[in-house]
Each structure stands twice: as structure tokens, then as C-alpha cells.
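Residue numbers (my numbering): 202 to 494.
Positions of the beta carbon are idealized from the N, C-alpha and C atoms, including for glycine.
Take a look at the structure:
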């Protein structure tokens, strides 16, 4: 075939191809947007629904009580109790990217916590509020979310003292004026006490063999653990203190709130959230593992 005819045929093929319909490019798949978590649904008459309508929950918290609660220079609250408060907000408003947008933090201390509720400055208080008959007469108290008290610290190599019954004839160092000596005697009247001016002195007495144990509240003992890692906390509490979430007394506008709090708390313990918060905030100091209050 001659060259001119070849070129002519090639031109015809090109023209025919150009006339064919072009396949449309496959459209890029539109990424599926993440569904917005549904807001929990409550009966219209409940306090939880009222909080949803307001768009905020006011939570009373402590400013200087680490590891339970503390507030930094920016005003953000951190610790075991603020994180409990955030879990409560999620249970009412649903998960959010920043749950603090639906929380109004109210600064309280242990002496003003109840007043913050009775004066309607806070919806709840999560601030080491002890479960006492006096508090229960004034505000509603949830089930226990934390149990603490006075306990015993011993040398880490001591395998003889494991509980209060093992304090027979042993010397327990306490701080002058703390009242712990009376609690030691009540727990085991065969134990002896050594009262010194400071717990730092008690650590020295323990290290030098002048005392077999130190008796104090858990917060103090956690601090002593940090000072002397060759120690450990053992046994049941000499005196027990239980913390509860406080809420204003149940009235017509507070329907269902206390049962809701207790059901929510039980759920946190059951699903491991409570244990996770304890491991994050308390265990680094207490050196203990707990799955429930």
C-alpha cells in the first residue's frame, strides 16, 4: 500500500475515534461524615431534661486538692473529680469534642460546697463531700464514689504488719493533735503510739526503728510514700470517710436526678471508667490498683 493511502487511512481512524463518546471519569466517592452522637433522651419532667434545655451543668469543684481536683492558671480543672464531672456531663448532653463547653465550673471548698447547692450556685458538687448525716439532712447525696480514711504506713520490707490486728505491742507514730492516736487505740488497744510534732519526724522514727508504723489520713500517707519509696500502705482504715456527689434536695424541679446519678455511677464502675480514672489520677500516688470505691 502506498504511503499516501496509509496516511489517509490513519487520518480517517483518528477522526472516527474523536467522534466516539468519551467515558465520563468515575466520580470520587464522597467521604461519609461521622454521625453526630445522639443526645440522651429524658422525660420532660426530669432535671436532666431541664439541664439539656439550659445547655449547661454547673459543677462545684475544688481548686487546690490534687490529685482529686485542682485548677491551673488558665482556669481549667483537672483531677479525678473534674473528670468524673466530665463523664456526668457526657451522660446528660452526649459526647462532645470538648465537653467543657457544656460545663460551668464553680469554685468551692469543703466548707462552702453545701452552701453552693442550697443557694443554687451549682447543680452538683463533686468536691470530696463527706457522707454525713448533717450533709444528708441539707442536700441530696449520691452513692459513694470514693472511700478514704486514716490508714497505716509501714516499711516495705515489713511482712508482719498487714492489718490493724497486727499492731499488737507495735509502736505507731502519729502527729501531735491529729487525733489519730485515739483511733489507733480504738482499733487495737494493744498498740502503742508515739506522738511527734510532724509527719516528717515520724518518717525518721520509722527509718530508725523507733516506730513500727505511721498512722495518718491517706492523703498524708501518699505524700510520705513519695518521700520514702521504701514504705507501703497496708490494712483497713482506722477511720473511714466516704465521698458522695451532692445535689440540691429533691423538689418538683429536680425529679429523677438522684436515681439518675446513682445509676450513672454504677455504670462507671461496671464499664471500667471509674478504674481508669483512679489509675490515671490516684494510683501514681497511692501505689494501689482499684476497680471500685
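Spatial distance of residue i from residue j (CA atoms)
i           : j           : result
residue 276 : residue 239 : 29 Å
residue 283 : residue 248 : 21 Å
residue 313 : residue 267 : 18 Å
residue 243 : residue 250 : 6 Å
residue 396 : residue 364 : 21 Å
residue 403 : residue 373 : 9 Å
residue 475 : residue 451 : 26 Å
residue 287 : residue 254 : 18 Å
residue 338 : residue 291 : 29 Å
residue 358 : residue 367 : 15 Å
residue 159 : residue 390 : Residue coverage of the chain in this structure runs from 202 to 494, which leaves residue 159 outside it and unanswerable.
residue 273 : residue 493 : 28 Å
residue 299 : residue 415 : 43 Å
residue 453 : residue 399 : 50 Å
residue 228 : residue 485 : Low confidence applies to residue 228: its pLDDT is 49, below 50, so where it sits in the model is not reliable, and the reading given next is rough at best. Computed Cα separation, rounded: 53 Å.
residue 326 : residue 429 : 34 Å
residue 458 : residue 443 : 20 Å
Minimum C-alpha distance to residue i - residue among the options
i           : options               : result
residue 371 : 362, 378, 379 and 377 : 362
residue 354 : 366, 378, 310 and 425 : 425
residue 142 : 245, 323, 356 and 475 : With the chain represented from 202 up to 494, any question about residue 142 goes unanswered, as that position is not in the structure.
residue 394 : 465, 402 and 413      : 413
residue 375 : 369, 442, 351 and 366 : 351
residue 308 : 287, 271, 302 and 338 : 271
residue 462 : 257, 328, 293 and 256 : 293
residue 470 : 328, 435, 285 and 434 : 285
residue 435 : 328, 442, 356 and 289 : 356
Coil, strand or helix - residue i by DSSP
i           : result
residue 373 : strand
residue 486 : helix
residue 291 : helix
residue 340 : coil
residue 258 : strand
residue 283 : helix
residue 357 : coil
residue 297 : coil
Neighbour-count burial assignment, residue i, 16 or more Cβ in a 10 Å radius
i           : result
residue 343 : buried
residue 318 : buried
residue 246 : exposed
residue 378 : exposed
residue 321 : exposed
residue 380 : exposed
residue 432 : buried
residue 449 : buried
residue 456 : buried
residue 262 : buried
residue 280 : buried
residue 401 : exposed
### Query
Taking contact to mean at least 3 C-beta pairs separated by less than 8 Å, is the region 420 to 430 in contact with the region 334 to 347?
no
### Message
Using a Cβ distance threshold of 8 Å, determine whether the region 398 to 408 contacts the region 324 to 339, with at least three qualifying pairs required.
### Response
no
### Sufficient close CB pairs (3 or more, under 8 Å) joining the region 473 to 483 to the region 379 to 387
no
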